[in-house]
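Below is one structure; the comments refer to it alone.
In full-length UniProt numbering, the protein residues as written are 1 to 298.
Here's what the structure looks like:
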């Protein structure tokens, strides 16, 4: 039986993450020829080329990307094993590199991440941006997880897995000047000033379809990429806004607004997107378990 040499796999994994033999050599404290020869032995063992050179860059082949997925999980599990069995060294914190899609309401992101912080010492490294950009970072193993309001359909260099955290209906909120809209809801929204997320967001698209089915045509008073800014203007009375019902109480308390109506016909869905079929990182597991048991109760 041919056994896999995990030292060779480690050198391959380090080069793939670092992007070059030179950077990998600095990280491993080994000479470049040594690393190169060990990777060639791994390629001979597997019977496939793992890298191809494009100019001065080393790029993973299709087989290399597959091996990278397995290597990433193997070494992630190894670190998890060390942490579980031996505990973290004194003063060292577990790290969670998380990407938050910019269309995800900040209140939702905070609620989702809090269980990870409650689970034990953790250094949270949070990055916000458009979903395609975050998925690219996930594919490069710069992130452990991406939190989003839509599943991944983007073409990235490695396969991703969508873990549904939960779903809920939406509630409509307004400051005191528009509180009268709760009467005869949802017909009261016809012609009412409305603050909406950007047209590319999943919640905006779902709301537009729902308005059509209800036969109401709100007057769009503002389009926002940033949910916090949207709610800030809603707090000032610029218009009505919709947010997931799961965070209804927090929005009412934080922004001093009232609920003018609700619907279960528009669903807000939330996902943890990873390169793993099964969640492994302890902090991500804590996020998923808490979301499914308490925040959304799915």
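Built from N, CA and C at the ideal position, the CB exists for glycine as well.
Between the alpha carbons of residue 111 and residue 94 lies a distance of about 20 Å.
Boundaries of the beta strand (DSSP E) harbouring residue 98: 94 to 101, taken from the DSSP string. Your pair residue 260 and residue 251 does not check out as a contact, with CB atoms roughly 12 Å apart and the cut at 8 Å. In the DSSP assignment, residue 223 falls within the beta strand (DSSP E) that extends over 219 to 224.
Taking 4 residues as the minimum length, the alpha helix (DSSP H) runs contained wholly in the UniProt domain "HTH lysR-type" (4 to 61) are 6 to 18, 21 to 28 and 32 to 46, in order along the chain. Counting only residues of its own chain and dropping the five nearest sequence neighbours on each side, residue 123 has a CB closer than 8 Å to the CB of 93, 94, 95 and 96. With respect to residue 46, residue 60 sits apart: the two C-beta atoms are not nearer than 8 Å.
Taking each of 64, 281 and 114 in turn and checking the Cα distance to residue 294, the smallest one comes out for 114. In this structure, the alpha-carbon of residue 224 lies about 41 Å from that of residue 64.
In the displayed model, residue 265 falls within a strand according to three-state DSSP.
With 16 or more other Cβ atoms inside 10 Å of its own Cβ, residue 168 counts as buried. Of all alpha-carbon atoms in 6, 131, 196 and 103, the one lying nearest the alpha-carbon of residue 162 is that of 131. Here the C-alpha atom of residue 185 lies approximately 20 Å from the C-alpha atom of residue 247. Per DSSP, the beta bridge partners of residue 123 are 95.
DSSP places residue 255 inside the alpha helix (DSSP H), whose first and last residues are 248 to 255. Here residue 291 is near residue 165, since their CB atoms are less than 8 Å apart. Inter-residue distance for residue 104 and residue 266 is about 16 Å (C-alpha atoms, whole angstroms). For residue 234, the uninterrupted alpha helix (DSSP H) segment begins and ends at 227 to 235.
Around the Cβ of residue 220, a 10 Å sphere holds fewer than 16 other Cβ atoms; the residue is exposed. Counting only runs of 4+ residues, no alpha helix (DSSP H) is found wholly inside the segment 170 to 209.
In this model, residue 4 and residue 38 are separated by some 12 Å (Cα to Cα). In chain order, 149 and 150 place their CB closer than 6 Å to the CB of residue 202, counting only its own chain and leaving out the 5 sequence neighbours on each side.
A direct Cα-Cα distance of roughly 6 Å separates residue 128 from residue 99.
A Cβ-Cβ distance of about 42 Å is found for the pair residue 77 and residue 209, leaving them out of contact under the 8 Å criterion. DSSP places residue 160 outside both helix and strand once states are collapsed to three, so it counts as coil. Here the alpha carbon of residue 140 sits roughly 18 Å from the alpha carbon of residue 53. Residue nearest to residue 73 within the set 10, 43, 199 and 41 is 10 (criterion: CA-CA distance). Between residue 160 and residue 134, the gap from beta carbon to beta carbon reaches 8 Å or more.
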